[in-house]
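For reference, the structure is listed below as C-alpha cells.
In this note's numbering, the protein residues as written are 209 to 395.
Below, the structure is given as C-alpha cells:
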C-alpha cells in the first residue's frame with residue numbers, strides 16, 4: 209500500500225469492502241490520491257450544478273476528500289448562473305447555488321476527469337463519440353429529466369431524484385476504484 213495514500217473510496221456504508229483509492233491523480237498539496245468526477249448535463253444551469261452540490265455535501269458529511277467533483281454542460285453558455293428554481297430547490301437543503309457559473313465541457317476537461325456522471329443517455333453517447341471509454345461514463349439514476357423551463361415542482365422532483373440516486377453513484381465510484389486497483393495489482 210502506498211505510504212502517501214491517506215483516504216479511501218470506501219464510504220462508511222461499505223466498510224466490508226477492500227480499501228481502495230483511485231490511482232489516477234496524485235494531489236501533491238493534499239498528499240493523497242483523488243478521483244476527479246465531472247457531472248455533465250446540457251446547459252450546466254440545472255441538473256449538473258444541483259447534482260455536484262448535493263453529492264459534494266454528502267461527501268463532506270461523510271468526511272471523504274478522495275473524490276473531487278466539478279460540473280459542466282455540453283452546450284453551456286459560459287458564465288451563466290444557475291437557474292433560479294435550481295437555486296431555490298437546493299436552498300431548501302442548505303445548499304447555496306448562487307455562486308455557480310456555467311462551464312462548457314472542453315478538451316482539457318477530458319484530461320483531468322476520471323469519471324463522467326451524465327444526466328441522460330444522449331450525454332453518454334456524445335462523450336463516448338468523443339472518445340471517452342463507456343465504462344467511465346455513468347448515467348445518474350438511469351436518467352434525470354431536464355427541468356429547464358419548468359415550474360418549481362419539476363425542480364424539486366429533479367433534486368429529489370438526484371438525491372435518491374447518490375447511493376448507487378457512490379457504489380459505482382467505489383467499485384470503479386477497486387477495479388482499477390485490481391488491474392494495477394494493488395489490494
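Just so you know, even glycine gets a beta-carbon here, dropped at the ideal spot from N, CA and C. Quantities reported herein were computed from a predicted structural model and do not represent experimental measurements.
Per DSSP, what kind of secondary structure is residue i in: helix, strand or coil?
{"i": "residue 281", "result": "strand"}
{"i": "residue 257", "result": "helix"}
{"i": "residue 373", "result": "helix"}
{"i": "residue 239", "result": "Confidence is the limiting factor: at residue 239 the pLDDT is only 48, short of 50, which leaves the residue's position unreliable, though a coordinate-based value still follows. If DSSP states are grouped into helix, strand and coil, residue 239 belongs with coil."}
{"i": "residue 269", "result": "helix"}
Provide the residue(s) that pair with residue i in DSSP beta bridges, ordered along the chain.
{"i": "residue 324", "result": "246 and 345"}
{"i": "residue 276", "result": "244"}
Using only alpha-carbon positions, find the residue among the options that is nearest to residue i.
{"i": "residue 305", "options": "374, 256, 379 and 383", "result": "256"}
{"i": "residue 330", "options": "351, 343 and 252", "result": "351"}
{"i": "residue 383", "options": "343, 263 and 307", "result": "343"}
{"i": "residue 296", "options": "371, 359 and 381", "result": "359"}
{"i": "residue 379", "options": "354, 357, 348 and 335", "result": "348"}
{"i": "residue 254", "options": "267, 274 and 311", "result": "311"}
{"i": "residue 377", "options": "367, 346 and 363", "result": "346"}
{"i": "residue 366", "options": "386, 268 and 291", "result": "291"}
What residue range does the alpha helix (DSSP H) around residue i cover?
{"i": "residue 311", "result": "First-last for residue 311: undefined, no H or E at that position."}
{"i": "residue 358", "result": "Run containing residue 358: none; DSSP gives neither H nor E here."}
{"i": "residue 334", "result": "329 to 337"}
{"i": "residue 290", "result": "That residue, residue 290, is in no alpha helix (DSSP H); it is neither H nor E in DSSP."}
Taking 7 angstroms as the cut-off, is the beta-carbon of residue i closer than that to any non-hydrogen atom of the ligand MG?
{"i": "residue 271", "result": "Absence of the ligand MG from the depicted structure is noted, as is the absence of any ligand whatsoever, leaving it without description."}
Contact check, residue i vs residue j under 8 angstroms by CB: the rounded distance?
{"i": "residue 260", "j": "residue 322", "result": "Between residue 322 and residue 260 the Cβ distance is about 15 angstroms, and since that is not below 8 angstroms, they are no contact."}
{"i": "residue 242", "j": "residue 275", "result": "7 angstroms"}
{"i": "residue 204", "j": "residue 284", "result": "Residue 204 falls outside the range modelled here, since the chain spans only 209 to 395, and no answer is possible."}
{"i": "residue 293", "j": "residue 247", "result": "Actually they are not in contact, since the Cβ atoms of residue 293 and residue 247 sit about 18 angstroms apart, beyond 8 angstroms."}
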